[in-house]
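J.: Structure in structure tokens, see below.
Protein chains: 2
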Amino acid sequence: MKVFCQLKLNEKEKQLLSNGLEDHEVIYAQEYEEDVAKELFMDCHVAFGNPPLEWIQHTVNLTWIQLESVGLDPYQEEINKNNIYFSSLKGFFDRPVAETVIAGILALYRELPALITAQQANKWIKDEIRPKCETIKDKKIVILGAGSIGKTVKDHLLPFQPGITLYDIAPERSDYYSLQELDLSLKNTDILIGCLPENDKTINFLNAYRFSLLPESAIIVNVGRGTLIDEDVLITLLKDKKLRGAFLDVTREEPIPADSELWQTPNLILSQHTAGGSKDEVIHKVQFFLDNFYNYQNGQIKNLVNP
Amino acid sequence: MKVFCQLKLNEKEKQLLSNGLEDHEVIYAQEYEEDVAKELFMDCHVAFGNPPLEWIQHTVNLTWIQLESVGLDPYQEEINKNNIYFSSLKGFFDRPVAETVIAGILALYRELPALITAQQANKWIKDEIRPKCETIKDKKIVILGAGSIGKTVKDHLLPFQPGITLYDIAPERSDYYSLQELDLSLKNTDILIGCLPENDKTINFLNAYRFSLLPESAIIVNVGRGTLIDEDVLITLLKDKKLRGAFLDVTREEPIPADSELWQTPNLILSQHTAGGSKDEVIHKVQFFLDNFYNYQNGQIKNLVNP
Numbered sequence: 000m001k002v003f004c005q006l007k008l009n010e011k012e013k014q015l016l017s018n019g020l021e022d023h024e025v026i027y028a029q030e031y032e033e034d035v036a037k038e039l040f041m042d043c044h045v046a047f048g049n050p051p052l053e054w055i056q057h058t059v060n061l062t063w064i065q066l067e068s069v070g071l072d073p074y075q076e077e078i079n080k081n082n083i084y085f086s087s088l089k090g091f092f093d094r095p096v097a098e099t100v101i102a103g104i105l106a107l108y109r110e111l112p113a114l115i116t117a118q119q120a121n122k123w124i125k126d127e128i129r130p131k132c133e134t135i136k137d138k139k140i141v142i143l144g145a146g147s148i149g150k151t152v153k154d155h156l157l158p159f160q161p162g163i164t165l166y167d168i169a170p171e172r173s174d175y176y177s178l179q180e181l182d183l184s185l186k187n188t189d190i191l192i193g194c195l196p197e198n199d200k201t202i203n204f205l206n207a208y209r210f211s212l213l214p215e216s217a218i219i220v221n222v223g224r225g226t227l228i229d230e231d232v233l234i235t236l237l238k239d240k241k242l243r244g245a246f247l248d249v250t251r252e253e254p255i256p257a258d259s260e261l262w263q264t265p266n267l268i269l270s271q272h273t274a275g276g277s278k279d280e281v282i283h284k285v286q287f288f289l290d291n292f293y294n295y296q297n298g299q300i301k302n303l304v305n306p
Numbered sequence: 000m001k002v003f004c005q006l007k008l009n010e011k012e013k014q015l016l017s018n019g020l021e022d023h024e025v026i027y028a029q030e031y032e033e034d035v036a037k038e039l040f041m042d043c044h045v046a047f048g049n050p051p052l053e054w055i056q057h058t059v060n061l062t063w064i065q066l067e068s069v070g071l072d073p074y075q076e077e078i079n080k081n082n083i084y085f086s087s088l089k090g091f092f093d094r095p096v097a098e099t100v101i102a103g104i105l106a107l108y109r110e111l112p113a114l115i116t117a118q119q120a121n122k123w124i125k126d127e128i129r130p131k132c133e134t135i136k137d138k139k140i141v142i143l144g145a146g147s148i149g150k151t152v153k154d155h156l157l158p159f160q161p162g163i164t165l166y167d168i169a170p171e172r173s174d175y176y177s178l179q180e181l182d183l184s185l186k187n188t189d190i191l192i193g194c195l196p197e198n199d200k201t202i203n204f205l206n207a208y209r210f211s212l213l214p215e216s217a218i219i220v221n222v223g224r225g226t227l228i229d230e231d232v233l234i235t236l237l238k239d240k241k242l243r244g245a246f247l248d249v250t251r252e253e254p255i256p257a258d259s260e261l262w263q264t265p266n267l268i269l270s271q272h273t274a275g276g277s278k279d280e281v282i283h284k285v286q287f288f289l290d291n292f293y294n295y296q297n298g299q300i301k302n303l304v305n306p
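Below, the structure written as structure tokens:
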């Protein structure tokens with residue numbers, strides 16, 4: 000079988016993939032110019048990674064593609080056609096993302112940006128900082144998105160003993176049953192965590208109206224999609240101290256343009272879409288693919304996303 | 000009864016204390032010059048806070064002192080005399096300190112100092128940072144000190160699913176039974192967390208020899224006492240990349256002198272002894288004292304430290 004790998008791998012990662020597929024031919028996109036890679040892709044039966052949509056639209060041999068993402072853009076239409084099996088990495092990023100959420104909340108609550116900045120200037124600011132510090136204990140937390148990331152975030156927060164409520168667009172997995180209930184609860188929310196995918200219902204979900212419901216002491220964390228938040232509103236609220244702070248892993252534009260106002264907004268930490276990352280991320284992706292390749296050969300692909 | 004308050008309180012905190020002691024006379028040190036305060040102290044039966052040792056050595060009326068610290072220096076000798084009841088704030092700082100430990104580990108693992116520094120310069124560094132990020136999951140953690148802080152740290156870490164071992168000088172509450180066992184385990188330790196009090200056995204516990212046992216990928220967190228660590232050795236190891244990073248809440252000298260090498264040591268975060276702090280720290284201390292004042296009147300002082 001011909002397997003196409005769209006991921007850029009180092010030697011160790013290549014070795015792992017090639018060894019795992021020793022009875023098959025592996026084509027590494029990184030070894031070819033784009034037009035040659037595209038031609039080779041047309042011959043392949045299986046693909047690993049996120050190749051250009053247009054390649055997939057023209058292939059006739061492809062039976063299965065293992066994406067290296069949880070998100071399905073820009074493939075949704077192809078997925079719906081049901082000609083090719085698509086599987087995602089759903090669940091793959093849950094733990095690093097959840098750890099990053101905790102990192103973000105605690106960086107804001109333990110005043111790490113101010114401490115790190117003071118350290119750059121050899122400056123002792125204990126007496127100013129210590130009374131500003133806060134704890135997660137007893138805080139009221141609302142997690143937007145009750146998927147696997149939202150639930151993993153909740154699991155990591157439990158020993159801190161906050162109050163946690165899950166909200167989801169799909170009411171059956173939500174602690175709230177309506178937007179009205181959610182909006183009512185926001186005025187008592189200390190920590191609002193966005194773990195929602197992007198769709199018609201979630202774009203601009205955190206708009207001026209919904210932000211206005213939050214108390215000035217609230218902090219926001221977003222690890223879902225950048226479009227969840229009206230960033231201009233957020234910037235103004237942070238500048239006017241109408242919110243205590245925000246930690247954004249995702250933003251509307253990525254990379255964030257050098258002239259974006261986000262960079263210098265006070266009490267905002269930008270983690271630059273690193274939340275899902277880890278030193279062994281690619282190795283683990285290859286391992287996931289190899290496991291799923293075995294599943295594929297047995298007709299039991301994991302994480303299928305076709306309707 | 001005359002109650003002496005050594006803590007500096009704001010109006011709200013004073014109100015709380017005075018209301019709670021309405022049948023008693025409260026003397027606030029902050030309202031007097033030091034020599035007058037000392038004279039007033041001599042008349043008091045109860046004290047709240049950490050007054051100068053010499054005052055305590057000369058008082059004859061004092062029956063109980065509620066310290067505002069967990070540590071007992073410089074009072075140990077007075078405590079051993081057993082003329083005055085001493086109680087500490089043992090347990091009081093467990094949760095903020097544990098949250099700070101998690102903040103510190105995750106700040107190092109999610110590369111927050113580099114991200115915050117890049118943000119100051121409007122600089123997108125995702126591709127450089129993401130492959131350096133790490134997760135607590137599956138890491139091997141050794142917590143030095145199995146007191147209430149060490150145990151609370153462990154509780155907070157459990158959902159991250161690392162391996163955790165508690166070491167204590169008191170072997171009955173330790174997972175290791177000897178220093179030899181601890182030292183053997185250090186070569187596989189990813190995260191070493193210091194939660195030890197200061198005494199003959201813990202001063203310089205993390206010396207050049209013990210540091211040399213750790214792998215280069217290890218990180219250190221210290222929230223116990225600054226004397227645990229040979230700081231010169233730590234600075235050299237971090238500069239030479241023989242350790243991945245360190246998060247120190249406590250240091251040998253506090254405030255850290257402006258010309259200390261610690262400030263500019265790479266991969267070191269200094270949280271400036273803020274770990275136990277929180278916005279409501281003083282209010283909570285007053286509440287603790289009032290509860291314990293009630294206990295005192297009933298002959299059941301909590302957190303007594305006399306032998």
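If you read the sequences in order, they're chains A and B. In terms of numbering that gives the first Met the number 0, the first sequence is numbered consecutively and its last residue is 306. In terms of numbering that gives the first Met the number 0, the second sequence is numbered consecutively and its last residue is 306. Note that the Cβ used here is the ideal one computed from N, Cα and C, for glycine as well. These numbers come from a predicted model, not from an experiment.
#1: Residue ranges of each beta strand (DSSP E) run of no fewer than 3 residues wholly in the stretch 118-181 of chain B, ordered along the chain?
#2: Hey, is E98(A)'s beta-carbon within less than 9 Å of any beta-carbon in chain B?
#3: Closer than 9 Å, CB to CB, is L66(A) near chain B or not?
#4: Below 9 Å between beta carbons: does that hold for R243(A) and A207(A)?
#5: Would you tell me roughly how many angstroms separate the C-alpha atoms of K80(B) and Q296(B), rounded to the nearest one?
#6: Residue ranges of each beta strand (DSSP E) run of no fewer than 3 residues wholly in the stretch 208-281 of chain A, ordered along the chain?
#7: Under 7 Å Cβ-Cβ, which residues of chain A neighbour P158(B)?
#8: Assign E38(B) to buried or exposed, taking buried as 16 or more other Cβ atoms, counted over all protein chains shown, within 10 Å of its Cβ.
#9: Please report how far the alpha carbon of L8(A) lies from the alpha carbon of V281(A), in whole angstroms.
#10: If A97(B) sits next to T151(B), beta carbons under 8 Å apart, how far is it from one beta carbon to the other, in whole angstroms?
#11: Within 9 Å of any Cβ in chain B, is that where the Cβ of Y36(A) sits?
#12: Tell me which same chain residues have a C-beta within less than 8 Å of the C-beta of K238(A), skipping the five on either side of it?
#13: What did DSSP end up calling Y27(A) once you bin it into helix, strand or coil?
#14: Along the beta strand (DSSP E) that carries K1(B), what are the first and last residues, could you check?
#15: Quick check: the stretch 276-293 of chain A against the stretch 5-23 of chain B, are there 3 or more CB pairs under 8 Å?
#16: Which bits of chain B does I94(A) rub up against, with CB to CB less than 7 Å?
#17: Which one or two residues does DSSP pair with S86(B) in a beta bridge?
#18: Alpha carbon to alpha carbon, how far is I104(B) from V222(B)? Give it in angstroms, no decimals.
#19: Closer than 9 Å, Cβ to any Cβ of chain B: which residues of the stretch 253-270 of chain A, in chain order?
#20: From the DSSP secondary-structure annotation, give me the bridge partner or partners of L205(B).
#21: Tell me the rounded alpha-carbon separation between E230(A) and E215(A).
#22: Mapping DSSP to helix, strand and coil, what is L191(A)?
#23: Would K284(A) be called buried (16 or more neighbouring beta carbons within 10 Å of its own) or exposed?
#24: A245(B) CB to nearest chain A CB: under 9 Å?
T.: The short version:
#1: 139-143 and 162-166
#2: yes
#3: no
#4: Between R243(A) and A207(A), the CB-CB gap reaches or exceeds 9 Å.
#5: 22 Å
#6: Qualifying beta strand (DSSP E) stretches, in chain order: 218-221, 244-247 and 267-269.
#7: D154, H155, L157 and P158
#8: exposed
#9: Going from the Cα of L8(A) to the Cα of V281(A) covers about 8 Å.
#10: 4 Å
#11: In the sequence as presented, Tyr is not what sits at residue 36(A); that position holds Ala. It does not; no Cβ of chain B falls within 9 Å.
#12: T264 and P265
#13: strand
#14: K1 to C4
#15: no
#16: Per the sequence presented here, residue 94(A) reads as Arg, with Ile not at that position. Simply T134 and K136.
#17: Q65(B) and L303(B)
#18: 12 Å
#19: E253, P254, I255, P256, A257, D258, S259, L261, W262, Q263, L267, I268, L269 and S270
#20: I228(B)
#21: 17 Å
#22: strand
#23: When all chains shown are included, K284(A) counts as buried.
#24: Chain A, which has no Cβ nearer than 9 Å to the Cβ of A245(B), makes this no.
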